[in-house]
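Asks:
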Amino acid sequence: MDSPTTTTKEQPRHTPQPSLHNVDHGTSNLRARATQIRRKLTTHHGWFGDYDYAWLCTPTLPFTLPGRKKHARAMPPFYALEQELPLFLAITSGLQHALAMLAGLITPPIIFSNALNLDAKTSSYMISASLIGCGILSLVQMSRLKLFGGYYLGTGLISVVGTSFATLSTANSIFNAMYSDGTCPMITLADGTTSRGPCPDAYGKVLGTSLVASFLEIFMSFIPPRTLQRIFPPMVTGTVILLIGASLIGSSGIPNWGGGSNDCQSRPATGFFVLCPDITAPKPLLWGSPQFIGLGFLSFSTILMTELFGSPFLKNISIILGLAVGCIVAGACGYIDSSSIRSAPSITFLWVHTFKLSVYGPAVLPMLAVYISLAMEAIGDITASAEVSRVPVEGEEFESRIQGGVLSDGIGGFFSALFTVTPLSIFAQNNGVIAITRCANRNAGRWCCVFLLIFGILGKVSGVFLAIPNSVLGGVTTFLFASVGASGLRVLAYTRFTRRDRFVLAAALSFGFGDLLKPDIFTHLFDNVNAGKGLRGLLDSITIVLSTPFLAAGIVALTLNLILPNEDAREEEGDDVVDVEDQSVQVVDRKN
Numbered sequence: 090m091d092s093p094t095t096t097t098k099e100q101p102r103h104t105p106q107p108s109l110h111n112v113d114h115g116t117s118n119l120r121a122r123a124t125q126i127r128r129k130l131t132t133h134h135g136w137f138g139d140y141d142y143a144w145l146c147t148p149t150l151p152f153t154l155p156g157r158k159k160h161a162r163a164m165p166p167f168y169a170l171e172q173e174l175p176l177f178l179a180i181t182s183g184l185q186h187a188l189a190m191l192a193g194l195i196t197p198p199i200i201f202s203n204a205l206n207l208d209a210k211t212s213s214y215m216i217s218a219s220l221i222g223c224g225i226l227s228l229v230q231m232s233r234l235k236l237f238g239g240y241y242l243g244t245g246l247i248s249v250v251g252t253s254f255a256t257l258s259t260a261n262s263i264f265n266a267m268y269s270d271g272t273c274p275m276i277t278l279a280d281g282t283t284s285r286g287p288c289p290d291a292y293g294k295v296l297g298t299s300l301v302a303s304f305l306e307i308f309m310s311f312i313p314p315r316t317l318q319r320i321f322p323p324m325v326t327g328t329v330i331l332l333i334g335a336s337l338i339g340s341s342g343i344p345n346w347g348g349g350s351n352d353c354q355s356r357p358a359t360g361f362f363v364l365c366p367d368i369t370a371p372k373p374l375l376w377g378s379p380q381f382i383g384l385g386f387l388s389f390s391t392i393l394m395t396e397l398f399g400s401p402f403l404k405n406i407s408i409i410l411g412l413a414v415g416c417i418v419a420g421a422c423g424y425i426d427s428s429s430i431r432s433a434p435s436i437t438f439l440w441v442h443t444f445k446l447s448v449y450g451p452a453v454l455p456m457l458a459v460y461i462s463l464a465m466e467a468i469g470d471i472t473a474s475a476e477v478s479r480v481p482v483e484g485e486e487f488e489s490r491i492q493g494g495v496l497s498d499g500i501g502g503f504f505s506a507l508f509t510v511t512p513l514s515i516f517a518q519n520n521g522v523i524a525i526t527r528c529a530n531r532n533a534g535r536w537c538c539v540f541l542l543i544f545g546i547l548g549k550v551s552g553v554f555l556a557i558p559n560s561v562l563g564g565v566t567t568f569l570f571a572s573v574g575a576s577g578l579r580v581l582a583y584t585r586f587t588r589r590d591r592f593v594l595a596a597a598l599s600f601g602f603g604d605l606l607k608p609d610i611f612t613h614l615f616d617n618v619n620a621g622k623g624l625r626g627l628l629d630s631i632t633i634v635l636s637t638p639f640l641a642a643g644i645v646a647l648t649l650n651l652i653l654p655n656e657d658a659r660e661e662e663g664d665d666v667v668d669v670e671d672q673s674v675q676v677v678d679r680k681n
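Spelled out as structure tokens, the structure:
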């Protein structure tokens, strides 16, 4: 009987002790946190740290005089993911990230609005919505929230998201199909010619179809990353990314450089589009006029000169510098129409304009293929981000980052449709900012999101972007899209290129390059087929897929890579490479 009594008496003495300890510990944490914030805001070290800002802003020379040695300059310290980051460096690095991705964020909505002949007010809103949506969903992608059973949401890296160029390429084919089947109206002009009429419902159909198709990528995020990497090796992903860049150069970049990607590029003899961008522009000219070519080349060469002479800070924002210089010259010469700036609201947010969401049957298969390509891109981009951030690129932690990134991509596609924005995917160009600034800290990424939100909410900023002349935009986006293609080549470089690999790549590029060089080859494939509404929708889906270069090539590469047997061990090791075309059979030792 003594034992229970003793235990009962001792229990009240020990029960409150952990509670008091937790209270003291929590209070000390709050005090430490408050002290840390006060020190960061009130001390020179808290604002600026030990970072070499002079190095960040010092121009570079492309060469040195003969006989002179280059004086190596000490690199600034590297700031890891969770390391304490000076406030000023966080703000400046975040601004660099925002400016580096800005051109890529505004380009798709501008191209969408031009393709659907939307008014300036709606187009300006689409740009603002893209910026705001990217800011919000980038915060989610950087978060790395732990879910159930070891699954995560987000990468935990500076993985910013932007409007996918894969969607841009596919949507153009979908819009063409909508105008062809009567979903979107064609208008007859005074001279008897026809042109595309405004079709905001087409954008709503793409958004609605994207929302439904996003569940595919959400499902893929729960497949083990190693399995995904086996199904989508560099041979497949590199081919897809290469052709995304190449198709955008041909459908948007170069046509805009010449004056416009609308009907004016065919240089009709009469009508509203006899001059570019149309006859109501401040200084309309024939498509391909030297004035347009010169403005685009000025923007293009500004990017090159910035890379040659610019400081690390300027190199990170070379794309936006190209736009700025081109716009300054174009404005001085009278090529800019400021009506879009005047009509844009001072402050805006999501859902100021809305689009009727619905599912367009023929777009389902193409959008599913788009989400597969987004997952492939995400895997490669997360790997690159992990490398420059100096975190492991193999093991359970790395695989959880891939799983969380792909899941966030899929959920981002769902919510971006609700935000009236086409699917958002991880942007790779920000890895260059991390590498140059040596700052992988997520606080810099959070400041990037703040700047994106500010740019989006300030409606006049979108109006300024919308006023950019086509030729200036074309000179910059041609370089931007070519960078996407170069990324595809870099991914392809990871392939061993055995005879089997060369065969798969050749078969895929046959369809990809064929679509690029002769875009209408598959558009009339099922013209004479008598089919009901359901079957017609399926046939239209197949037509869209076959008419989109990266989708056709990606499907061929994926299928052949899965069904073709691997070569024997000797050939896989690459001891001997036989050039079949050269009957003299030269043997090359790869080790040399």
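Numbering follows our numbering, in which position 381 of the sequence shown is assigned residue number 470; successive positions increment by one, without gaps.
From the three backbone atoms N, C-alpha and C, an ideal C-beta is built for every residue, glycine too.
Computed from a predicted structure; not experimentally measured.
In whole angstroms, what separates the C-alpha of L78 from that of R585?
Replies: Because the chain spans 90 through 681 in this model, residue 78 falls outside it and cannot be assessed.
Asks: When you compare the CB positions of G574 and A335, do they come within less than 9 Å of one another, or not?
Replies: Yes, Cβ-Cβ distance for G574 and A335 is below 9 Å.
Asks: Do I330 and F639 have their CB atoms nearer than 9 Å?
Replies: Cβ atoms of I330 and F639: closer than 9 Å.
Asks: Answer yes or no: does any C-beta atom of chain B fall closer than 9 Å to that of D609?
Replies: Here chain B cannot be found, since the structure has a single protein chain.
Asks: Is it true that the CB of T328 sits closer than 9 Å to the CB of L569?
Replies: Result no, Cβ atoms of L569 and T328 do not sit closer than 9 Å.
Asks: Can we say the segment 501-515 touches the segment 214-226, given the rule of at least three CB pairs closer than 8 Å?
Replies: Yes, the segment 501-515 is in contact with the segment 214-226.
Asks: Where does K683 fall in DSSP's three states?
Replies: Since the displayed the chain opens at 90 and closes at 681, residue 683 lies outside it and no answer follows.
Asks: Got a sec, what are the start and stop residues for the alpha helix (DSSP H) I408 sits in?
Replies: Counting along the chain, the alpha helix (DSSP H) containing I408 begins and ends at 407-421.
Asks: What residue range does the alpha helix (DSSP H) around S428 cover?
Replies: Per DSSP, S428 belongs to the alpha helix (DSSP H) from 428-432.
Asks: Can you give the Cα-Cα distance for A641 and L463, rounded to whole angstroms?
Replies: Rounded to whole angstroms, A641 to L463 spans 15 Å at the Cα level.
Asks: Considering only residues of the same chain and omitting the five flanking positions on each side of K294, which have a CB-CB separation below 6 Å?
Replies: Within the same chain, K294 has close Cβ partners S447, Y449.
Asks: Can you name the residues that DSSP bridges to M690?
Replies: No information on residue 690 is available, as it lies outside the stretch 90 to 681 that the chain covers here.
Asks: Whose CA, out of M394, T511, C288, lies closest to the CA of F254?
Replies: Of the listed residues, the one whose Cα sits closest to F254 is T511.
Asks: In this structure, what does DSSP give as the bridge partners for T511?
Replies: According to DSSP, T511 bridges with nothing at all.
Asks: Between A658 and V593, what straight-line distance do the alpha-carbon atoms span, to the nearest angstrom?
Replies: Confidence at A658 is low in this model, with a pLDDT of 49, below 50, so its placement is unreliable and no value can be given for it.
Asks: Can you tell me whether T244 is helix, strand or coil according to DSSP?
Replies: It is coil, neither helix nor strand.
Asks: Look at the alpha carbon of L384 and the alpha carbon of V453, and state the distance between them as a whole number of angstroms.
Replies: Approximately 39 Å, taken between the alpha carbons.
Asks: Which residue comes first and which comes last in the beta strand (DSSP E) that contains T720?
Replies: This structure does not reach residue 720, given that the chain is present from 90 up to 681, and the question cannot be answered.
Asks: Closest by CA to L242, which one among I409, S310, S303, S340?
Replies: Out of I409, S310, S303, S340, S310 has the C-alpha closest to the C-alpha of L242.
Asks: Work out the CA separation of R128 and P165 for me, nearest whole Å.
Replies: For P165 and R128, the distance between alpha carbons rounds to 22 Å.
Asks: Going along the chain, which residues of its own chain have a beta-carbon closer than 7 Å to the beta-carbon of I430, five neighbours each way excluded?
Replies: Correct list, in chain order: K549, G552, V553, A556.
Asks: On the premise that I471 lies in contact with I525, defined as a C-beta separation below 8 Å, what is that separation, rounded to the nearest angstrom?
Replies: At roughly 19 Å, the Cβ-Cβ gap does not stay under 8 Å, so I525 and I471 are not in contact.
Asks: Taking all protein chains shown into account, do 16 or more other C-beta atoms lie within 10 angstroms of the C-beta of M275, making it buried, or fewer, making it exposed?
Replies: So M275 counts as exposed.
Asks: At a cut of 8 Å, does the segment 174-190 reach the segment 399-408 through at least three beta carbon pairs?
Replies: These segments touch.
Asks: Quick check on R490: buried or exposed, where buried means 16 or more other Cβ atoms within 10 Å of its Cβ?
Replies: Buried is the call here.
Asks: L364 by DSSP, collapsed to three states: which one?
Replies: L364 falls in the coil class under three-state DSSP.
Asks: Under DSSP, the alpha helix (DSSP H) around R479 begins and ends at which residues?
Replies: Run containing R479: none; DSSP gives neither H nor E here.
Asks: What residue from F362, G411, W376 has the CA that sits closest to F386's CA?
Replies: Minimum Cα distance to F386 is reached at G411.
Asks: Just verifying my parser: in three-state terms, what is the DSSP assignment at C528?
Replies: Strand, per DSSP.
Asks: Skipping 5 residues on each side, what residues in its chain have a beta carbon closer than 8 Å to that of D208?
Replies: Excluding positions up to five away in sequence, the list reads P287.
Asks: Taking the CB atoms as reference points, tell me whether I543 and S217 lie closer together than 9 Å.
Replies: No, Cβ-Cβ distance for I543 and S217 is not below 9 Å.
Asks: What are the boundary residues of the alpha helix (DSSP H) that T567 is part of?
Replies: Where T567 is concerned, the enclosing alpha helix (DSSP H) stretches over 559-581.
Asks: In chain order, what are the residue ranges of uninterrupted beta strand (DSSP E) at least 3 long that sit wholly in the segment 247-333?
Replies: Fully enclosed beta strand (DSSP E) runs of 3 or longer: 250-252, 275-277, 283-285.
Asks: Using 8 Å for Cβ pairs, my map puts S284 next to D352. What's the rounded Cβ distance?
Replies: Right, the Cβ-Cβ distance comes to about 6 Å (below 8 Å), so this counts as a contact.
Asks: Pick out whichever of L145, W376, A413 has its Cα sitting closest to the Cα of T391.
Replies: T391 has its Cα closest to that of A413, out of L145, W376, A413.
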